[in-house]
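S.K.:
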Amino acid sequence: MPIGLTAMLGTYAMLRVIDHRKKLRQKQLPHKVSKTPISTKKNLKSKQATKTLLTRLRNIDPVNRRTEDDLKLALISVGIAASQPIIFPGWSVINAFLISYSAYPYIRGFEKSIAKKHISNDVLGASWVILAVSGQQYFAAALGNVIYHIGSSFIAKTRENSRKSMVHIFNRENRNAWVIREGVEIEVPLVNVVAEDIVVVRSGEMIPVDGKVVDGSARIDEHVLTGESQVVEKAVDDPVFASTLLVSGYIQILVEKAGSETVVAKIETTLKQTADFKSQLQMKGEEWADKSAPYLLGAAGLTAITLGPIPAVAVLAAQFGYQIRMIAPLSTLRHLSKATHASILIKDGRSLETLNSVDTILFDKTGTLTEEQPQVGQVITWGNYTAEQVLRLAAIAEFKLKHPVALAILQAYEQYNQELPEIDATHYEMGFGTRVDWNGQTIRVGSLRFMQNQMLFWDEQYSADLEAIYERGHSVALVGVDNAVIAAIEIKPTIRPEIPELIANLKKRGKHLAIISGDQERPTQNLAKHLGIKQYFAEVLPQDKASIVEQFKQQDRKVCFVGDGINDTIAMKTADVSISLQGASSIATDTADILLMSGDLQPLKDLLDIADNLQNTLQRSAWLVATPSALVLTSSIFLHTGLLLAMLIKNTFLGANLLYVLKKSKPASIPAKPPQEIAQRVIK
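So in the UniProt record's numbering, spot 109 of the sequence shown is number 109, and the numbers just go up one at a time.
1) Report buried or exposed for Phe638, applying the criterion of at least 16 other Cβ atoms within 10 angstroms of its Cβ.
2) Between which two residues does the beta strand (DSSP E) holding Phe561 run?
3) Taking C-alpha atoms, which residue in Glu233, Gln136, Pro294 lies nearest to Asp221?
4) Under the assumption that Glu372 contacts Pro404 (Cβ atoms under 8 Å), give the Cβ distance between them as a whole number of angstroms.
5) Which class does Val78 belong to by DSSP, given the choice of helix, strand or coil?
6) On the three-state DSSP scale, how would you describe Glu490?
7) State the DSSP-derived secondary structure class of Ser475, mapped to helix, strand or coil.
8) Rounded to a whole number of angstroms, what is the C-alpha to C-alpha distance between Arg58 and Ala395?
9) Please classify Ala118: does DSSP put it in a helix, a strand, or coil?
10) Can you tell me where the beta strand (DSSP E) holding His512 begins and where it ends?
11) How far does the beta strand (DSSP E) with Val577 in it reach, from first residue to last?
12) Terminal residues of the continuous alpha helix (DSSP H) containing Ile570?
13) Please name the residue, chosen from Leu393, Ser463, Ala477, Ser578, that lies closest to Trp438 on a Cα-to-Cα basis.
14) Would you identify the three-state DSSP class for Tyr385, choosing helix, strand or coil?
15) So if DSSP puts His427 in a beta bridge, which residue, or which two residues, is it bridged to?
16) Could you give the residue range of the alpha helix (DSSP H) that holds Asn483?
17) At a cut of 8 Å, does the region 147-160 reach the region 341-355 through at least three beta carbon pairs?
18) Which parts of the region 331-375 are runs of the beta strand (DSSP E), unbroken and 3 residues or longer, counting only runs that do not cross its ends?
19) Quick one: which unbroken alpha helix (DSSP H) runs of 4-plus residues sit fully inside the region 286-336? Chain order, please.
20) Determine, using beta-carbon pairs with one atom in the region 593-605 and one in the region 312-323, whether at least three such pairs fall under 8 Å.
21) Give the DSSP-derived three-state secondary structure of Ala235 in the structure shown.
22) Find the nearest neighbour of Pro294 within the set Ser127, Gly151, Thr434, judged by alpha-carbon distance.
23) Do you know how far the Cα of Trp623 is from the Cα of Thr340?
24) Following the continuous alpha helix (DSSP H) through Leu618, name the residue where it begins and the one where it ends.
25) For the beta strand (DSSP E) that Lys534 lies in, which residues bound it at each end?
26) Could you give the residue range of the beta strand (DSSP E) that holds Ser217?
27) Over the uninterrupted beta strand (DSSP E) stretch that includes Pro189, give me the two end residues.
28) So for Gln454, helix, strand or coil by DSSP?
29) Less than 8 Å separating the beta-carbons of Ile533 and Ile503?
30) Leaving out the 5 sequence neighbours to the left and right, which residues in its chain are closer than 7 Å to Ile361 when beta-carbon positions are compared?
31) To the nearest angstrom, how far is the alpha carbon of Leu190 from that of Arg435?
32) Helix, strand or coil for Gly151, going by three-state DSSP, please let me know.
33) Inspect the beta-carbon positions of residue 685 and Leu410 and report whether they are closer than 8 Å.
34) What residue range does the alpha helix (DSSP H) around Ala504 cover?
35) Does any residue of chain D have a CB that is nearer than 8 Å to the CB of Ser517?
36) Helix, strand or coil: how does DSSP classify Ala656 here?
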């Protein structure tokens, strides 16, 4: 047996023993438990908690240090192999050791494949190195290792940059929660909520953390967890979960998992769904590479018998699996990073690929096509109420709710500079309205359907009074006191400035467009007409939006749903791809596949361009992978070309492929965002 091969096999056996002992030690190590007392944790300052979060985030998916070490050793072995005939005669053993050490990942893959009785691409790669060392082709073997680890290093660095960009975006969100500390209810960043804090949640608010109810009772909509519209009763000692909606009631929650833990867990999940994502083209390429491996190994065997071992090694150099594993994930990660730098957070890598096949885009109306917060216009009263009194009653009912109509009413009432009483017992029905009891009165604010369900008096003359508002394409929020409707508040939506140009762009791309809205028929129809969208669905309840998505899918359409991320949860889960505007809900609780972090739809065009660009880049890269493999195979068999020429052909094409991918996926810089101020108020 050649001395180089002997040294190589000995080195591999040594590394296997070391690897095995490391795994045994990891299994035997006890789990570390934090010894920091809870009281100390609760007294962490905001900056300290944020720093702790960022430190943890930076440790997610670290750059593979083994890859960097392997690359350094491979470069050293290239230098020794190149100068060995002149300076280092007899250093074959050392070079074989270095080559074996840096080739350990795919030699280990060779062992696993043989154990499974399967000839994979790893078998070809390991066979190539072993035969090259056996034939004393140290320079070629070392150079092959260098190329392999350069690609791995590229992928690791790109994965690290994607992680940093994602951490930056999550850190910019600044989502808050109301926490009781020393008898004062303060609003703090979610990342600063720690275990055993008491978090306060009221009607219409999203529960920000996992925990246990310690005071109060509530009805909670858990459809974000179950995928079905389901409201459950919660009381003291019952568990509650982050991202569920408190429909009615008031609760105090003992936090079981810190806010930073919730955010970190979400980033870890997102990283797994993006950084580890494999495109369909990559999976097909790897499948073709594995299927071709037995035939290529057979061809190498015949070449060894007829032409000798060196041409056989050159035939093995025609394998293309490792190039696919290098170029495809690098291209995908670079495009994902490009999206992140454009303030687009892709939470599931599959959605970027699916976007290319989407032919139907469904838009939620309020807060998506229109500005998130509309404006209050005319106030029509029936009875002895003034506009100011109506707005005050509506503001009392909508106080602390976060949906667009509530925010518009509260903003309109600010002109009167009067404080609002805080009411805990609020009943909120998603898609209908809200009901509160105050000062001996029952106040309701919502749609006509809500008022009719509540059995409030409605005069047909009221409909005639509202006709002018409907003619203007606006909607109304009705206000009821006790058993009668007493007023209507005109809600004036504003179309987002980027929407007309965006709709025109989507039409040029051949997309079928439709609007889904819970608003009345007339305003929805007018908006669709104004934007040139032919199909719309009005007065649709949140739980019914998913049925419309399913109807399109049954027509063999690929559907993308664009909404606010809260009321559209079920529809988003039903769609092939879902997109949400950040601001309507939190990154950590939003169920959409893709979030537009700028808060508007302007990046949607960039997102579609990135998806198209990724697909085109992968397809062209596939040709740049297949072409040199075919050239090397034919030249080795028919022209008897040497191993170095075969590697020159492969690596020249590989370099061109890398430059092409890097050029097509160059990201832009991330804009800075000022920090959010923290509010505070005393419990009354």
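Glycine included, C-beta positions come from ideal geometry on N, C-alpha and C.
M.R.: Quick answer:
1) It is exposed - the Cβ of Phe638 has fewer than 16 other Cβ atoms within 10 Å.
2) Annotation for Phe561: the continuous beta strand (DSSP E) segment containing it runs 559-563.
3) When only C-alpha atoms are compared, the closest one is Glu233.
4) Confirmed, about 6 Å.
5) Annotated three-state conformation of Val78 is helix, per DSSP.
6) In this structure, DSSP gives Glu490 an extended state, which the three-state scheme calls strand.
7) Shown here, Ser475 sits in a strand according to DSSP, grouped into three states.
8) Bear in mind that the predicted position of Arg58 carries a pLDDT of just 49, short of 50, making it too unreliable to give a figure here.
9) According to the sequence as given, residue 118 is His; it is not Ala. Note: His118 maps to coil in three-state DSSP.
10) Unbroken beta strand (DSSP E) run through His512: 512-516.
11) Boundaries of the beta strand (DSSP E) around Val577: 577-581.
12) Where Ile570 is concerned, the enclosing alpha helix (DSSP H) stretches over 569-574.
13) Checking every option, the nearest Cα to that of Trp438 belongs to Leu393.
14) Three-state DSSP puts Tyr385 in coil, outside helix and strand.
15) For His427, which the question treats as bridged, DSSP gives the partners Ser248, Arg435.
16) No residue range can be given for Asn483, since it is assigned to no alpha helix (DSSP H) and is classified by DSSP as neither H nor E.
17) Because the criterion of three Cβ pairs below 8 Å is not met, the region 147-160 and the region 341-355 do not touch.
18) Counting only runs of 3 or more, we get 344-346, 360-364.
19) List check, alpha helix (DSSP H) in window: 309-316.
20) The region 593-605 is not in contact with the region 312-323.
21) Residue state, collapsed to three classes: coil.
22) For Pro294, the closest of Ser127, Gly151, Thr434 by C-alpha to C-alpha distance is Ser127.
23) For Thr340 and Trp623, the distance between alpha carbons rounds to 28 Å.
24) Residue range 603-638 is occupied by the alpha helix (DSSP H) that includes Leu618.
25) Bounds of any beta strand (DSSP E) do not take in Lys534, whose DSSP letter is neither H nor E.
26) Ser217 -> beta strand (DSSP E) spans 211-221.
27) Residues 184-189.
28) Here Gln454 sits in coil by DSSP.
29) Cβ atoms of Ile533 and Ile503: closer than 8 Å.
30) Leu506, Lys511, Leu513, Cys560, Val562, listed in sequence order.
31) Computed Cα separation, rounded: 29 Å.
32) Here Gly151 sits in helix by DSSP.
33) Since the displayed the chain opens at 1 and closes at 684, residue 685 lies outside it and no answer follows.
34) If you look at Ala504, you'll find it in the alpha helix (DSSP H) that goes 499-508.
35) You won't find chain D in this structure, because it holds only one protein chain.
36) Three-state DSSP puts Ala656 in a helix.
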